Amino acid sequence: MAGTTLVTTAPSPAPTPRGRPRGTRERPSGWYLAPALAFFGFFAVLPMGLVVYLSFTDWNGFGFPQPSGAANWERLVADGEARDALLLTLLFMVVTWAVQTPIALLIGVWAAGRQRNRAVLSSLFFLPLLLSTAAIALLWASVLDPNFGVTQALPFLDRFNFLGDTDIVIYTVVWVVSWQYVPFHTLLYQGAARQIPHSLYEAATIDGAGRYRQFFTITLPLLKYTVITSSVLMIVGSFTTFDTILILTGGGPGTTTRIAPLYMYITGFSGFEFGYASAIAVLLLVLGAGLSLFVTRVTGFRAMQSQQEGL
Amino acid sequence: MTSRRLTRGAASAGALLLAASLVACGSSGPAGAGGGGGGDAAQVWALQDTVLNPIEESSISRFNETSEAGDAELATFGNDPYKQRLRVALSSPEAPDVFFNWGGGNLKEYVDAGAVEDLTPLLEEDPELRDSFIPSVLEAAQLDGKYYGIPMRGVQPVALFYNRAVLDAAEVEVPQTWEQLLAAVDALKAEGVTPIALAGSQSWTELMWIEYLLDRVGGPEVFQAIRDGEPGAWEHPAVLQSLQLVTDLVDRGAFGDDFASVGYDVGGASTILAQGDAGFHLMGSWEYVNQLGQSPEFVEAGDLGWAPFPAVEGGAGDPANVVGNPTNFYSVVADSDHRDVAIEYVTTALNDEQYVEDLVAAGDVPAVAGVRDQLEQAENADYTTWIYDLVEGAPNFQLSWDQDLPADQATEMLTELQRLFLGEQTPEGFVAAMSAA
């Protein structure tokens, strides 16, 4: 490395720009990857391999896992409870997406304005994001309690048993999860909406477009990739939602909110059937990875570099 | 959400690695050794409990002062982490020397894994020690005729608690038979109160009903067969009959409409009873201490009543039988590095006068024979002597099924039971599901 190059690149962080001034396309050494790879291998790949191995064993936590061939997988194929749990997960995923997306989009776009009251209201609105999941679940469990909850003091709402009625409890869970995560997605939309150049709206106003027209022809199309980002996060997130439901309903009443990750947890850590729970975990891993690949491929998420061509 | 997912992934990966490394250590450790926490003192593992832990601490420090074999040391854990940790630790060099357990099938899994010391010879050599505990309680840690645990705290039978004021208002007597209970349910319903408080968001509260009913209808042998894993044991007619009695009770509206979202840990069901919104509440003996803590004015006014579970007409079971938690036990880990200390502790410290006195003072009813006089002198004697007599007079004390069955079956059963109470499962479907499990 010549001294001159060092001077020109001094302000930027080390490796990448190193070779550029000389016009070569020198790449950073592969060794820079080593720490990340080691972490990834130790904390992600190795456990995944272990889970796959455990899924072919019978282990109740004592002694050593006993190889059991494909028994766990045969059981999983025939397990009606697992199928119900997966269908419930799917329902939960679709409904949380459908509930959160429009709300987050509208609030995000609204909050992208720069008036002072919006800043105050937005920060208030982001509060749920700062609370821990356990606190949120416990909070809503007390608010919705059919005997002592706040809802019992309200007209109309007092006739519902939000956490005990098997027909509505899953939607209660959707509501609580949405309450928790809408602020996060709002933040995404707010940031994206602020990136939209003002000149577009000025031009539209001159052309006589009203607010609704502006929203549908300018804002929404330009937020396309944010919608995709947010949707991927929501879908993957609701596929793995676990803590809120565990504390809020424990998967009950009965099995009405026992979504797949919870079913895995109960099988593993209440029933101590670690082999079978591992099979469920592997299935979830494959489905989750497949799902996020599918979403990114189908939506062209990978080609998102340029949102504002020509501007 | 992605970051959440990653953290969770990392956490579970960590847990797995921990489990894997513990297993690996187990294989590289001293051959056949399971005991020893590395330190010099024998490790005593128990559950976190604000009332009990100081009593245990002082018991151990008294022991350490006098014992010649060596010192003991207490470590405490939360309920669910404890079960998970104990399981992994027992097959590793990190195993404790003495561990807390519930007896029954819960203990059986550890015994089957060869991890528990047989205490029978010690109890046979020392009949005085054996006779110092209530026999039906000591039996809960007896497996295949061998004793694997020594009672270390109070008895916890399940009793039918009631609100005297509510019953009086509806002109209902305390029921002694199932028919009388049904009549009481109808009368309370007519008064507009929930007849029976039930914390149905947690299925172990529902379990108490089916445990008592099966014991009353079929006698303890029916469940014994189920627990022993005899083929077709769930298909005994008494099981179906008692499940039907439960569904009848639910359909009659005995538990009201909201029970599925009532929790016990958050005080839901107890508050409903104390506030006069319900007549009865079937709960473990700890309910009294809870009520005393949460609604002292209710207990002090004399409105909290208690009774044995009603008899079922024509049933094969003795109405004097009780269900619940006979007590908790201390068991000694087989091949412990501190075997002498561990054994000396469990055989000398748990019927120790001071220890028993401390338990009584804390409102516990120790599983120690002849403690009745002491209870009479202590506070809340009405209640504690009643509990003592109930347990001492019980021909059989059935351990809660969720502790007595192997964990996988217990989990399945609790799920099916909750579905039964919700009306999403039929008694026949329950039997079929459990037979297949």
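Heads up: the protein sequence lines correspond to chains X and G, in order.
Going by the working numbering, the first sequence opens with residue 7, and the numbers climb by one from there.
Going by the working numbering, the second sequence opens with residue 81, and the numbers climb by one from there.
In this text, a Cβ means the ideal position worked out from N, Cα and C, and glycines have one as well.
Keep in mind that this is a model prediction, so the values were computed, not measured.
Using beta-carbon positions only, say whether residue i and residue j come within less than 9 Å of one another.
i	j	result
residue 421 (chain G)	residue 177 (chain G)	yes
residue 189 (chain G)	residue 406 (chain G)	no
residue 103 (chain X)	residue 237 (chain X)	yes
residue 381 (chain G)	residue 245 (chain G)	yes
residue 245 (chain X)	residue 189 (chain X)	no
residue 365 (chain G)	residue 333 (chain G)	no
residue 5 (chain X)	residue 289 (chain X)	Shown here, chain X extends from 7 to 317; a query on residue 5 (chain X) therefore has no answer.
residue 154 (chain X)	residue 336 (chain G)	no
residue 274 (chain X)	residue 287 (chain X)	yes
residue 487 (chain G)	residue 278 (chain X)	yes
residue 325 (chain G)	residue 494 (chain G)	no
residue 152 (chain X)	residue 169 (chain X)	yes
residue 154 (chain G)	residue 133 (chain G)	yes
Sorry if obvious, but does the Cβ on residue i come closer than 8 Å to a heavy atom of the ligand PLP?
i	result
residue 253 (chain X)	Looking at this structure, you won't find the ligand PLP or any other ligand, since it has none at all.
Alpha carbon to alpha carbon, what distance is there between residue j and residue i?
i	j	result
residue 376 (chain G)	residue 384 (chain G)	10 Å
residue 352 (chain G)	residue 358 (chain G)	6 Å
residue 468 (chain G)	residue 509 (chain G)	38 Å
residue 505 (chain G)	residue 299 (chain G)	24 Å
residue 498 (chain G)	residue 149 (chain X)	23 Å
residue 74 (chain X)	residue 314 (chain G)	27 Å
residue 207 (chain X)	residue 108 (chain X)	21 Å
residue 398 (chain G)	residue 390 (chain G)	11 Å
residue 512 (chain G)	residue 309 (chain G)	15 Å
residue 129 (chain G)	residue 232 (chain G)	13 Å
residue 220 (chain X)	residue 124 (chain X)	20 Å
residue 395 (chain G)	residue 296 (chain G)	6 Å
residue 318 (chain G)	residue 475 (chain G)	20 Å
residue 263 (chain X)	residue 515 (chain G)	25 Å
residue 112 (chain G)	residue 413 (chain G)	With a pLDDT of 32 at residue 112 (chain G), under the threshold of 50, the modelled position of this residue cannot be trusted; read the value that follows with caution. Each residue's Cα considered, the two are about 12 Å apart.
residue 431 (chain G)	residue 209 (chain G)	8 Å
residue 186 (chain X)	residue 174 (chain X)	19 Å
residue 46 (chain X)	residue 57 (chain X)	15 Å
residue 178 (chain X)	residue 254 (chain G)	39 Å
residue 479 (chain G)	residue 401 (chain G)	11 Å
residue 418 (chain G)	residue 55 (chain X)	37 Å
residue 322 (chain G)	residue 259 (chain G)	14 Å
residue 52 (chain X)	residue 44 (chain X)	10 Å
residue 290 (chain G)	residue 463 (chain G)	25 Å
residue 372 (chain G)	residue 161 (chain X)	34 Å
Excluding the 5 residues preceding and the 5 following residue i in the sequence, name in chain order all residues of the same chain whose CB lies nearer than 6 Å to its CB.
i	result
residue 314 (chain X)	Residue confidence is low: residue 314 (chain X) scores 49 on pLDDT, short of 50, so the model does not pin down where it sits. Its coordinate-derived value is still stated next. Counting only Cβ-Cβ distances below 6 Å, and skipping sequence neighbours, we find nothing.
residue 268 (chain G)	250, 275 and 359
residue 103 (chain G)	Caution is warranted here: a pLDDT of 39 is assigned to residue 103 (chain G), below 50, making its placement in the model unreliable, and the coordinate value is therefore given only provisionally. Contacts found: none.
residue 116 (chain G)	Model confidence at residue 116 (chain G) stands at a pLDDT of 40, short of 50, so the residue's coordinates are unreliable; what they give is reported in the following sentence. Cβ within range, chain order: 417.
Residues of chain X with CB under 8 Å from residue i, in chain order?
i	result
residue 348 (chain G)	151, 153 and 154
residue 485 (chain G)	Residues of chain X passing the Cβ test: none, with the nearest at roughly 11 Å.
residue 352 (chain G)	153
residue 280 (chain G)	170 and 259
What is the residue span of the alpha helix (DSSP H) that residue i lies within?
i	result
residue 128 (chain X)	122-131
residue 270 (chain G)	258-270
residue 241 (chain X)	230-246
residue 50 (chain X)	No alpha helix (DSSP H) contains residue 50 (chain X), which DSSP labels as neither H nor E.
residue 140 (chain X)	139-149
residue 218 (chain X)	217-220
In chain order, what residues of the same chain lie with their CB nearer than 8 Å to the CB of residue i, ignoring the 5 residues before and after it?
i	result
residue 182 (chain X)	142, 143, 146, 250 and 254
residue 367 (chain G)	239, 241, 350 and 361
In chain X, what lies closer than 9 Å to residue i by C-beta?
i	result
residue 307 (chain G)	Chain X residues near residue 307 (chain G): none, gap ~16 Å exceeds 9 Å.
residue 171 (chain G)	67, 68, 69 and 70
residue 168 (chain G)	67 and 68
Please compile the residues from chain X whose C-beta is within a distance smaller than 7 Å of the C-beta of residue i.
i	result
residue 342 (chain G)	153
residue 327 (chain G)	Those do not exist, as residue 327 (chain G) stays about 14 Å from chain X at its closest Cβ, beyond 7 Å.
Less than 7 Å between C-beta atoms, sequence neighbours within five positions excluded: which residues of the same chain meet that for residue i?
i	result
residue 162 (chain G)	127
residue 281 (chain X)	60, 61, 63, 64, 65, 71, 74 and 78
Can you name the residues of chain G whose CB is closer than 8 Å to the CB of residue i?
i	result
residue 167 (chain X)	337, 338, 340 and 341
residue 256 (chain X)	281 and 282
In chain G, which residues lie less than 7 Å from residue i when you measure between Cβ atoms?
i	result
residue 260 (chain X)	498, 499, 502 and 504
Return the first residue and the last residue of the beta strand (DSSP E) that residue i is part of.
i	result
residue 363 (chain G)	358-364
residue 409 (chain G)	409-412
residue 275 (chain G)	274-277
residue 478 (chain G)	477-479
residue 153 (chain G)	152-157
residue 241 (chain G)	236-243
The region 262-288 of chain X: positions lying closer than 7 Å to chain B by Cβ
Going by chain labels, chain B is absent from the structure shown, which instead holds the protein chains X and G.
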